[in-house]
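Novice: Numbering (the working numbering), first residue to last: 88 to 658.
Cβ coordinates follow ideal geometry from the N, Cα and C atoms, glycine included.
Once you've had a glance at the structure underneath, I'll fire off some questions.
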Amino acid sequence: MAIDVDKLAYRYEELRSERTNWESTWRECAELFNPGRYRDDTETNAHRIPLVNPRLVNSKGILAMRSMASGMQGGMASPVRPWFRLVAKGDPQFIPDGVNAWLDRVTQVMTAVLHQSNFYNATHTLYSDIGTFGTGLLVETANEDGIYFHLVRCGEYVLDINGNDEVDTFFRRLYMTPRQILDRWEHAPDLPDFIKRSRERKVMTTERYDVIHAVFPRTDFKPAKRLTAESKPFASVYYLPGGSSGHGAGKACILEEGGFDMFPAFAPRWDVSGSDVYGRSPAMDVLPDCKMLQAMTTTLRKTQHKIADPPLVADQSLRATGVKLIPGGLSFFDSTRTGTTPVAPIHQPEAAALQTVMTAIQEVEQNIDDGLYVDLFRMMLEDQRSRITATEVNAKERERIVMLGPVVERLHKELFDPVIRRTFALMQEWGAMPTPPEGVDALDVDVSFESALAQAQRQVTTSNIEAGFAFIGQAAAAVPEILDIVDTDAMGRAYLDRINMPSSVIREESAVEEIREQRAQAAAQQQQMETMNQGVNQLVDATKAMENMSNTNISGQNALEALTSGLGAIR
């Protein structure tokens, strides 16, 4: 069914209206924490907005947000260490042989694909968006050149959620010149004439027009054997909205209609209240502190300025000649007059007052650091571990990292897991997947995260396994039967899974059973050989005994003959 562009434009305006309550907060957060990352989609000169805030007198918020973004990248998806692993879902004993080794190979190839793309550059900025605005939008596309991630600035998009509170719809505003529009959609059947005629001018205009990109699930989707771009589960529509110059002109028209097999965008949120579409951010929590910090810093600079260059009072006699207050300046004064000072400060703050203001500023700055988890990420990145043991540091890190547990889980669900699954599908679509072994067609693949923050969440369970194993080992010395209650195989595999041991170095269940069967057969053969050797030794000993008896002389007979005759007498 054809897309009704008027209904689409109406839905876009409705979603913009629902977003209105967030915009003022986003604008304030951007000014203090992340200048340049907010664009109001109603502004016609957004591309000319300065990237700095001239009213900013203290950059603590910006620096703290930068530290948090770097810490999130190092802790969640570092480009210099493995942070995810593909694993087969289900009971290990039913997983075909070779599947785990193939998934390890796919993980290596996918890691290389992400490195070759702009994934890590885009996600670093995405972390600062999430920390500032509570929500970010990242769009993943692919072509013959590879995978590309496009990060949309806050204010340029609107979102919508489905019945499971999952983001499945977005509209984003592209502010494009006629040249840019013609480069992409010159042959669009409904392209307005005023865009087509722009190339006929001597100088192509730089006037910009709104182009809206909408991606949403099709309500009339019906599975088919062959899907065209226009009949895929998720619609992708570019259109020019109707309106005045600068925001489209004339009637709304579709420039391109396509589709996606999977939702191509990821909209991670820091924290969500109820069924809100947009999330709350840590910057919102410390926004009052950052505002207060600007006022306090202004007061501090004024105080410092008054101490260094205080307001002065001068003798009336100097009105005519004036006073030279520059370094090395010479002024003349009638020294015969007594009881007067030629020039003196009229107000000069005390140094103690200056120290009080500086101490108060440090307390507010620490509040901002605490709200953005700066100290936690510095501890992870700088590894300042003097004066305490590694065990104490690990325990301390775990306690503090647990505070980020809900955020880590949400980012896994709304960002990293969908990214890995979509990249997996794109690699299959573009022929970048290693050749799979037999039986992989119906395989259900899961994602195991190995980042520093993800591992810290699991270290609690590994410590429990270690404590349980130590207890069982000590108790077994007194009561060996206690070993019967523990499945050591399951314990070992659970521990290795929690420390993210690669599947390729862990033997399959069938291989373990074969090794144990061979070991049991070898032990049985060894026992049989020992039994046979014992029987042979006994026979040899008996033979030697009989030889000794035959060689022993007793009353003219050897011992064997005497024994034999004795047995005959008994008969």
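Curious, which full-length alpha helix (DSSP H) runs of at least 4 residues does the stretch 92-149 contain?
Specialist: 92-105 and 107-120
Novice: Can you list, in chain order, the stretches of the beta strand (DSSP E) that have 3 or more residues and sit fully within the stretch 192-255?
Specialist: 224-230, 233-239 and 244-248
Novice: Look at the alpha carbon of Phe220 and the alpha carbon of Val461, and state the distance between them as a whole number of angstroms.
Specialist: 17 Å
Novice: Asp280 to Asp128, Cα distance in whole Å?
Specialist: Rounded to whole angstroms, Asp280 and Asp128 show a C-alpha spacing of 25 Å.
Novice: Assuming contact is defined by CB atoms lying nearer than 8 Å, are Val193 and Thr510 in contact in what I supplied?
Specialist: The answer is no: Cβ separation not under 8 Å.
Novice: Figure out for me which residue from Ile394, Ile282, Ser368 and Gln515 has the closest Cα to the Cα of Cys116.
Specialist: Ser368
Novice: Alpha carbon to alpha carbon, how far is Val324 from Pro351?
Specialist: 13 Å
Novice: Nearest to Asp457 by CA position, among Trp113, Ala164, Leu570 and Asp376, is which residue?
Specialist: The residue among Trp113, Ala164, Leu570 and Asp376 with its C-alpha nearest the C-alpha of Asp457 is Asp376.
Novice: Helix, strand or coil for Ser597? Go by DSSP, reduced to three states.
Specialist: Ser597 falls in the helix class under three-state DSSP.
Novice: Closest to Phe206 by C-alpha separation, out of His237, Asn230 and Asp178, would be which residue?
Specialist: His237
Novice: What do you get for Pro432, buried or exposed, if any count of 16 or more other CB atoms within 10 angstroms of its CB means buried?
Specialist: exposed
Novice: Name the DSSP beta bridge partners of Arg388, please?
Specialist: The partner list for Arg388 (beta bridge, DSSP) is empty, contrary to what the question assumes.
Novice: Tell me whether Ser535 sits in a helix, a strand or coil according to DSSP, three-state version.
Specialist: strand
Novice: Nearest-angstrom Cα distance between Arg474 and Leu173?
Specialist: Bear in mind that a pLDDT of 45 at Arg474, under 50, signals an unreliable position, so the model cannot answer this.
Novice: Ends of the alpha helix (DSSP H) at Val495?
Specialist: Gly492 to Leu498
Novice: Specify, as a first and last residue, the run of the alpha helix (DSSP H) that Pro398 falls within.
Specialist: Segment: none, Pro398 is in no alpha helix (DSSP H) and carries neither H nor E.
Novice: Using the C-alpha atoms, what's the distance from Glu317 back to Leu530?
Specialist: 29 Å
Novice: Relative to the alpha-carbon of Met163, which residue among Arg497, Lys411 and Gln605 has its alpha-carbon at the smallest distance?
Specialist: Arg497
Novice: Report buried or exposed for Val506, applying the criterion of at least 16 other Cβ atoms within 10 angstroms of its Cβ.
Specialist: buried
Novice: Asp363 lies in the beta strand (DSSP E); which residues open and close that run?
Specialist: No beta strand (DSSP E) contains Asp363, which DSSP labels as neither H nor E.
Novice: Compute the Euclidean distance between the alpha carbons of Ala339 and Ile234, then round it to the nearest angstrom.
Specialist: 31 Å
Novice: Taking only the alpha-carbon atoms, compute the straight-line gap between Leu269 and Leu224 and give it to the nearest angstrom.
Specialist: 26 Å
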